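Residue numbers (my numbering): 1 to 751. Quick reminder that beta carbons are idealized off the backbone N, C-alpha and C, glycines included. Computed from a predicted model, the values in this text were never measured in an experiment.
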Ligand code: ADP
Ligand code: ZN
């Protein structure tokens, strides 16, 4: 296959590149990088993007598997711009298409979609743009693309360069999102014999991969499988003992940031959303039981950042490309690791730090077992039960979460300490006397005759005076009260851990505990389980690799506000205007000229032209008013690269705070800006749940900030800043608000 002649000419005229070999990989490489820089403002390829893009440049069929946020869209968008003709993209959802078309348009690339939501006029307009050869990308739903009318039209009036199939796992009924209409795509190969096919998915299992290749009849496909680890995500898995408090703790670590809370049932979605709302959070529910109109409105409010939190069933997420979701909470256990990976993977698509918290209980396993029994065919049931078992084991294990996840997808982690999970950050305490404790528990199960459940067993071990325990005369057992000094939820946790590790089994409809052969070995002291206990109020990280170093938070807020205004004005989501990475970099580097914007991540030619001048105005005005430096030497923000290095940073700060140093002293000692210090101080306040800012901010200022907060609300910094007529710094406001949040969260939710 050849690159079209016009594209070749463009290469020659654009770059004066010599074209002895038109398929010369170096030439294609250079061109791809140039286009990426020009339109997107990105400097380099992410892993496997180069390989995937070259397949499309060279018209070789391919299958590319990258995790969510890995940058799949660019793999077909960039070659589409480089190549002559029209690239057709198959996408399952209207929302997904619309989002991509908006984003491309903002980058100055002609793109459109055809789907059932268009009016006849709009459709005709798209057809005219296809005919004129102006469009570079056309998005279509599978069922529309395979219609004879569409195929004829495209064959006759367009020069189709290649076809990309997004979310390609939908073609496989081995996947979790099977869509029958995807099956019809098998016909594409024959309908467009000259166009190469490129499939993209985030689903990594080998079966699904094979199925995609077969169903699409890919020819000698190049298969690119990416690394499934997401180092920017911090995973934390905890037993659920007080759901609302636990959820609020996560939310409070992310004031004014976007987050998703997943629940299993609609009822739980409703009640959780309601409780959070009562407690003063900006939140909306989302589930399949809502009217379609309302569901859409709630989703849009979240995407457009009119609301911070969405509480949802798994119905929410597919079609959400929002890149700056900073946390995902699972209020209950998901049904499979695949599901967990996908849902939690919606956090931190922009590569910035984000937090994934999962709160489980043994009860969730029953709920799922019940639902699977009720709703699935014999065939699927076994598969679902096996997946559920794996999920359960994941929750109860004490092994690095990143490692378990990548292992599940057949990959390995090349370092021992991920630095970004509760296990590696030692938020959990592994018990040195796990064997003895396990023996106490197992022997109680044995002495109780192996016909009682987990809750009851915990009561016996804790020496409960419960009627049932006394009635069964289990206060006479030698194991009665053996663990009386341990809190109930900790003992319950250990029993669940033993079950998940296979030493105990749940049996019958009452889920009574039975000792397995492995459990018998524990009783004999031949093998020892691993047990953990959550550390009391461990300092909790709010994400993977934090990347606020050097960012002027006040300016960041200012720019965020500006982004919101642009978003409303142009009718596209804020993250389509500029991602959070770009905002942070702008607030860190503070470019003083439009030209200097070229160096900023994510700002290409089009965006520079459209709002470069206003951005620079905002930045220079800010710098003047706050006497901060402009054009700070450019530091790389590729968060992935500096990932793990910064995890020890906070300790230095925390030590100095602990010793009572003032903010100014800490700034001098560590040679950092006051803003950066405030940043760590905020984390410190959250970690130690401090409610009094007096040590850091003068009493008078604290009072003024509080007063302003009473008037304009405590939710956002900017209104308070304005209310105080810009006389108090953002860093001080942030510190006081952090304490305020803790103080409020210590009050019961229903007050
Ligand atoms: P996926 O479709 O694989 O989930 P996206 O294509 O949405 O991922 O990309 C995630 C984010 O990363 C987007 O904001 C995208 O613009 C950005 N991105 C993609 N490729 C690059 C790159 N080479 N350099 C910098 N950012 C990139
Ligand atoms: Zn880890």
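I need the straight-line Cα distance from residue 454 to residue 439, nearest angstrom please. As a working mapping, residue 454 is identified with position 454 in the chain shown. As a working mapping, residue 439 is identified with position 439 in the chain shown. Each residue's alpha carbon lies about 15 Å from the other.
Any heavy atom of the ligand ADP within a distance shorter than 7 Å of the CB on residue 604? In the chain shown, the residue the question calls residue 604 occupies position 604. No; taking the cut-off as 7 Å, the Cβ of residue 604 has no heavy atom of the ligand ADP nearer than that.
Can you find at least 3 beta carbon pairs, one from the segment 429–446 and one from the segment 513–520, that sit closer than 8 Å? yes
Would the segment 146–154 count as touching the segment 181–190 if we require 3 or more Cβ pairs under 8 Å? yes
Measure the C-alpha to C-alpha separation of residue 32 and residue 111 and round it to an integer number of angstroms. Within the chain shown, the letter at position 32 stands for residue 32. Within the chain shown, the letter at position 111 stands for residue 111. Their Cα atoms are separated by approximately 18 Å.
Rounded to a whole number of angstroms, what is the C-alpha to C-alpha distance between residue 235 and residue 133? Indexing the chain shown from 1 puts residue 235 at position 235. Indexing the chain shown from 1 puts residue 133 at position 133. So the two alpha carbons sit approximately 47 Å from each other.
Residue nearest to residue 557 in terms of C-alpha spacing, selected from 718, 459, 530: Locating residue 557 in the chain shown gives position 557, where the first residue counts as 1. The option with the nearest alpha carbon to residue 557 is 718.
Does the separation of the CB atoms of residue 314 and residue 343 fall below 8 Å? Position 314 of the chain shown holds residue 314. Position 343 of the chain shown holds residue 343. Cβ distance < 8 Å, so residue 314 and residue 343 count as in contact.
When the distance is taken between beta carbons, is residue 442 closer than 8 Å to residue 523? Walking along the chain shown from the start, residue 523 turns up at place 523. Walking along the chain shown from the start, residue 442 turns up at place 442. Going by C-beta atoms, residue 523 is nearer than 8 Å to residue 442.
Throw me the rounded Cβ distance for the residue 63 and residue 212 pair, which I believe falls under 8 Å. Walking along the chain shown from the start, residue 63 turns up at place 63. Walking along the chain shown from the start, residue 212 turns up at place 212. That belief holds up - the Cβ atoms of residue 63 and residue 212 are roughly 6 Å apart, short of 8 Å.
Is it right to say residue 167 is buried, meaning 16 or more other beta carbons lie within 10 angstroms of its own, or is it exposed? Start at 1 with the first residue of the chain shown, and residue 167 comes out as number 167. That one is buried.
With residue 738 and residue 685 assumed to form a contact (beta carbons below 8 Å), what rounded beta-carbon distance in angstroms separates them? For the purposes of this step, residue 738 is identified with residue 738 of the chain shown, where counting begins at 1. For the purposes of this step, residue 685 is identified with residue 685 of the chain shown, where counting begins at 1. Contact flag correct, Cβ pair sits at about 4 Å.
Is there at least one non-hydrogen atom of the ligand ZN closer than 7 Å to the beta-carbon of residue 365? If you number the chain shown from 1, residue 365 lands on position 365. Residue 365 Cβ: outside cutoff for every heavy atom of the ligand ZN.
Cα separation between residue 486 and residue 360? Within the chain shown, the letter at position 486 stands for residue 486. Within the chain shown, the letter at position 360 stands for residue 360. If you take the alpha carbons of residue 486 and residue 360, they lie about 20 Å apart.
Tell me whether residue 226 is buried or exposed, calling it buried when 16 or more other Cβ atoms sit within 10 Å of its Cβ. The sequence position of residue 226 within the chain shown is 226, counting from 1. Buried, because 16 or more other Cβ atoms sit within 10 Å of the Cβ of residue 226.
Who are the near neighbours of residue 417 in its chain, counting only those whose CB is closer than 6 Å to its CB and skipping five residues on each side? Within the chain shown, numbered from 1, the residue matching residue 417 stands at position 417. Once the five neighbours on either side are set aside, the close Cβ partners of residue 417 are 424.
I'd like the span of the beta strand (DSSP E) that includes residue 356, first residue to last. Reading the chain shown from its first residue, position 356 is the one you call residue 356. Note, residue 356: beta strand (DSSP E), 354–360.
Option in 420, 596, 434 with minimal Cα separation from residue 525: In the chain shown, counting from the first residue as 1, residue 525 sits at position 525. Comparing Cα positions, the closest option is 434.
Please tell me whether residue 335 and residue 391 are closer than 8 Å, where the distance is taken between their beta carbons. Translated into positions along the chain shown, residue 335 becomes position 335. Translated into positions along the chain shown, residue 391 becomes position 391. Cβ atoms of residue 335 and residue 391: closer than 8 Å.
Over the uninterrupted alpha helix (DSSP H) stretch that includes residue 82, give me the two end residues. Walking along the chain shown from the start, residue 82 turns up at place 82. From DSSP, the alpha helix (DSSP H) with residue 82 extends over 72–82.
With DSSP as the reference, label residue 450 as helix, strand or coil. Counted from its first residue, the chain shown places residue 450 at position 450. Residue state, collapsed to three classes: coil.
Sorry if obvious, but does the Cβ on residue 72 come closer than 7 Å to a heavy atom of the ligand ADP? Along the chain shown, read from residue 1 onward, the residue named residue 72 stands at position 72. Checking every heavy atom of the ligand ADP against the Cβ of residue 72, one is found closer than 7 Å.
Under 8 Å between the Cβ atoms of residue 735 and residue 720? The residue you call residue 735 lines up with position 735 of the chain shown. The residue you call residue 720 lines up with position 720 of the chain shown. Against a cut-off of 8 Å, the Cβ pair of residue 720 and residue 735 comes out as no contact.
Round the Cβ separation of residue 724 and residue 708 to the nearest angstrom and send it over; I've been treating them as touching at under 8 Å. Taking the chain shown and counting its residues from 1, one reaches residue 724 at position 724. Taking the chain shown and counting its residues from 1, one reaches residue 708 at position 708. About 5 Å; that satisfies the 8 Å criterion.
Relative to the C-alpha of residue 513, which candidate in 80, 480, 452 has its C-alpha closest? In the chain shown, counting from the first residue as 1, residue 513 sits at position 513. Comparing Cα positions, the closest option is 452.
Rounded to the nearest angstrom, what separates residue 651 and residue 547 at their Cα positions? Stepping through the chain shown from its first residue, residue 651 is reached at position 651. Stepping through the chain shown from its first residue, residue 547 is reached at position 547. The straight-line gap from Cα to Cα measures roughly 16 Å.
Using a Cβ-Cβ cut-off of 8 Å (strictly less than) and excluding sequence neighbours within five positions of residue 184, which residues of its own chain qualify? Taking the first residue of the chain shown as position 1, residue 184 is located at position 184. Hits under 8 Å: 142, 143, 146.
Is any heavy atom of the ligand ADP found at a distance shorter than 7 Å from the C-beta of residue 346? Counted from its first residue, the chain shown places residue 346 at position 346. Answer for residue 346: no, Cβ out of range of the ligand ADP.
Looking at the structure shown, is residue 64 part of a helix, part of a strand, or coil, going by DSSP? Stepping through the chain shown from its first residue, residue 64 is reached at position 64. Note: residue 64 maps to strand in three-state DSSP.
Within the segment 471–530, ranges of the beta strand (DSSP E) (whole runs, at least 3 residues): 504–507, 512–515
For my contact list, residue 70 and residue 603 are in at a C-beta cut-off of 8 Å; report their separation, rounded to the angstrom. Locating residue 70 in the chain shown gives position 70, where the first residue counts as 1. Locating residue 603 in the chain shown gives position 603, where the first residue counts as 1. Wrong, their Cβ atoms sit about 22 Å apart, outside the cutoff.
By DSSP, does residue 170 sit in helix, in strand, or in coil? Along the chain shown, one-based indexing puts residue 170 at 170. Here residue 170 sits in helix by DSSP.
Taking only heavy atoms of the ligand ZN into account, decide whether any of them is closer than 7 Å to the Cβ of residue 401. If you number the chain shown from 1, residue 401 lands on position 401. Yes, the Cβ of residue 401 comes within 7 Å of a heavy atom of the ligand ZN.
Could you check the C-alpha separation between residue 475 and residue 458 for me, to the nearest Å? Within the chain shown, the letter at position 475 stands for residue 475. Within the chain shown, the letter at position 458 stands for residue 458. Answer to the nearest angstrom: the Cα atoms are 13 Å apart.
With hydrogens ignored, establish whether the beta-carbon of residue 471 is closer than 7 Å to any heavy atom of the ligand ADP. Locating residue 471 in the chain shown gives position 471, counting from the first residue. The answer is no for residue 471.
Alpha carbon to alpha carbon, how far is residue 408 from residue 207? Position 408 of the chain shown, counted from the start, is the residue given in the question as residue 408. Position 207 of the chain shown, counted from the start, is the residue given in the question as residue 207. Near 14 Å, if we compare the C-alpha coordinates of residue 207 and residue 408.
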